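Heads up: the structure comes next, in structure tokens.
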Amino acid sequence: MDAPYQAAPDVHVYPANLPIPGVGVLPVNAYLLMAEEPVLIDTGIGVDGDDFIAAVSSIVDPQKLKWVWLTHDDADHTGSIQRIMDLAPNAKLVTHGFSAFRMATWWPVPMERVHAIRFGDELHVGDRALTAVAPPLYDSPMSIGVLDQSTGSLFTVDAFGAILPEPTQDASDVPPEALAGGMLGWATSDSPWAHIVDRERFSQVLDRVRQLQPTRIFSSHLPAASGTSLEAFLKVLETVPDAEPFMPPDSHHFAQMIAAMAGMQRGSTP
Ligand SMILES: [Fe+2]
Ligand SMILES: [Fe+2]
Numbered sequence: 054m055d056a057p058y059q060a061a062p063d064v065h066v067y068p069a070n071l072p073i074p075g076v077g078v079l080p081v082n083a084y085l086l087m088a089e090e091p092v093l094i095d096t097g098i099g100v101d102g103d104d105f106i107a108a109v110s111s112i113v114d115p116q117k118l119k120w121v122w123l124t125h126d127d128a129d130h131t132g133s134i135q136r137i138m139d140l141a142p143n144a145k146l147v148t149h150g151f152s153a154f155r156m157a158t159w160w161p162v163p164m165e166r167v168h169a170i171r172f173g174d175e176l177h178v179g180d181r182a183l184t185a186v187a188p189p190l191y192d193s194p195m196s197i198g199v200l201d202q203s204t205g206s207l208f209t210v211d212a213f214g215a216i217l218p219e220p221t222q223d224a225s226d227v228p229p230e231a232l233a234g235g236m237l238g239w240a241t242s243d244s245p246w247a248h249i250v251d252r253e254r255f256s257q258v259l260d261r262v263r264q265l266q267p268t269r270i271f272s273s274h275l276p277a278a279s280g281t282s283l284e285a286f287l288k289v290l291e292t293v294p295d296a297e298p299f300m301p302p303d304s305h306h307f308a309q310m311i312a313a314m315a316g317m318q319r320g321s322t323p
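Plus 53 on top of the position in the sequence shown (first one is 1) and you've got my numbering.
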């Protein structure tokens with residue numbers, strides 16, 4: 054896990070940056086939204102469990118955590134879900150109902166604490182209301198993003214993710230061309246279905262995101278970004294349907310990647 058940072062007065066970021074040899078890093082973020090009733094959005098990756106729990110607990114007493122909003126049940130979002138729900142007995146689990154059912158195949162989900170949501174639902178968290186919104190790209194049909202109506206913060210799940218040259222805490226630190234290329238690469242690998250969409254209907258989907266007019270963009274796979282970046286990001290997403298399809302590594306290439314990762318680990322060991 055990388056060092057947590059504060060991206061807005063009410064938003065804490067818990068980042069990990071997964072190395073992709075020869076390419077860069079993939080950020081994986083969980084967020085803590087310090088509403089009157091605090092909301093943890095996703096729970097990091099499993100290998101970071103102890104650090105993640107300590108980092109969240111340093112900002113909010115788990116007993117005071119009211120909501121755990123799980124954007125979807127992929128492994129990079131559910132790393133500490135069971136530990137968090139155990140440590141935060143007053144928290145409800147806000148998620149797609151089928152995410153709850155599917156997770157029950159690998160941990161004992163307390164169904165009586167699940168607050169099932171779908172697009173358009175509002176969640177009142179004390180001083181503000183959150184709206185459940187559809188991300189424009191996604192790798193799971195259970196994906197549900199969050200719009201904080203009071204601040205305009207938009208949590209976009211896997212959408213607007215990017216593979217980056219190096220870790221950073223602000224998307225504007227990344228050269229625009231590298232960011233656009235990394236976002237396109239991520240989008241084609243995470244949402245390969247985008248190649249078969251009706252272009253006109255896809256642009257309507259992007260337009261709906263535009264109309265949300267977010268002030269800040271918090272992707273699960275991008276450093277914090279200003280809402281002023283939205284147009285540039287949407288321009289990248291517009292090109293996804295006709296972009297080169299992503300090609301995963303074959304066994305030879307994969308072995309090379311693993312060897313490179315081993316080399317990187319040796320290099321970082323004192
Ligand atoms: Fe995902
Ligand atoms: Fe993800």
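All residues carry an ideal CB built from backbone N, CA and C; glycine is no exception.
Predicted model, so just to flag it, every value in this text is computed and none were measured.
- The beta carbon of residue 222 is closer than 6 Å to those of 58, 276 in its chain, skipping five residues each way along the sequence.
- Apart from sequence neighbours up to five positions away, the residues of its chain that approach residue 141 with a beta-carbon distance below 6 Å are 115, 118, ordered along the chain.
- Counting only runs that start and end inside the stretch 235 to 268, the alpha helix (DSSP H) elements of at least 4 residues fall at 252 to 264.
- Residue environment for residue 305: exposed (fewer than 16 other C-beta atoms within 10 angstroms of its C-beta).
- The set of residues with any CB-heavy atom separation to ligand 1 below 6 Å comprises, in chain order, 125, 127, 192, 193, 211.
- In this structure residue 130 is in contact with residue 273, their Cβ atoms being roughly 7 Å apart against a cut-off of 8 Å.
- For residue 203, no alpha helix (DSSP H) run applies, since DSSP gives it neither H nor E.
- The alpha-carbon of residue 267 is positioned some 11 Å away from that of residue 199.
- In the DSSP annotation of this structure, the continuous segment of the beta strand (DSSP E) that includes residue 175 starts and ends at 175 to 177.
- For residue 63 against residue 83, the beta-carbon gap comes to about 15 Å, at or over 8 Å, which does not count as contact.
- One thing to note: residue 152 has its Cβ no nearer than 8 Å to the Cβ of residue 181.
- Closest option to residue 293, judged by alpha-carbon separation, among 250, 270, 218: 250.
- Rounded to the nearest angstrom, the Cβ distance from residue 172 to residue 187 is 5 Å, consistent with a contact under 8 Å.
- Fewer than three beta-carbon pairs drawn from the stretch 188 to 197 and the stretch 220 to 236 are found closer than 8 Å, and the two stretches are therefore not classed as touching.
- The closest heavy atom of ligand 2 lies less than 7 Å from the beta carbon of residue 274.
- Non-local C-beta neighbours of residue 280 in its own chain, meaning closer than 8 Å and more than five positions away in sequence, comprise 205, 207, 266, 267, 268, 269, 270, ordered along the chain.
- Taken through DSSP and simplified to helix, strand or coil, residue 118 comes out as coil.
- CA-to-CA, the gap between residue 160 and residue 135 works out to about 7 Å.
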